[in-house]
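Our numbering puts the sequence shown at residues 1279 to 1348. Note that the Cβ used here is the ideal one computed from N, Cα and C, for glycine as well.
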Amino acid sequence: MVNKHYPAQFKADAVALYRSRPGATIAQIADDLGVNRETLRTWLRADDQRRGGTVDAVGAENAVRTGQGP
């Protein structure tokens, strides 16, 4: 498998796109962008940490979006 390197702006745009669509899941956004789902999830976790959030915030946010969370 080849590791792909994405520009920082692409990563930031992908994270912003996910956060701007409350009904969308990580899987949907990743598939739309043609990136691996775990790759997008990693970018979201890194953004959460950068913002001072918790690593678990991505999982909780995705669970709420899909109706499986609190």
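Helix, strand or coil at residue i [DSSP, three-state]
i	result
K1282	coil
V1293	helix
V1324	Just to set this straight, residue 1324 is Ala in the shown sequence, not Val. In the structure shown, A1324 sits in a helix (DSSP, three-state: H, G or I).
V1303	Note that residue 1303 is Thr in the sequence shown here, rather than Val. DSSP places T1303 in coil when its eight states are reduced to three.
Beta-carbon spacing of residue i, residue j below 8 Å
i	j	result
L1311	A1324	no
R1319	I1304	yes
Spatial distance of residue i from residue j (CA atoms)
i	j	result
F1288	D1326	17 Å
R1299	Q1306	10 Å
A1286	G1331	20 Å
R1315	Y1284	14 Å
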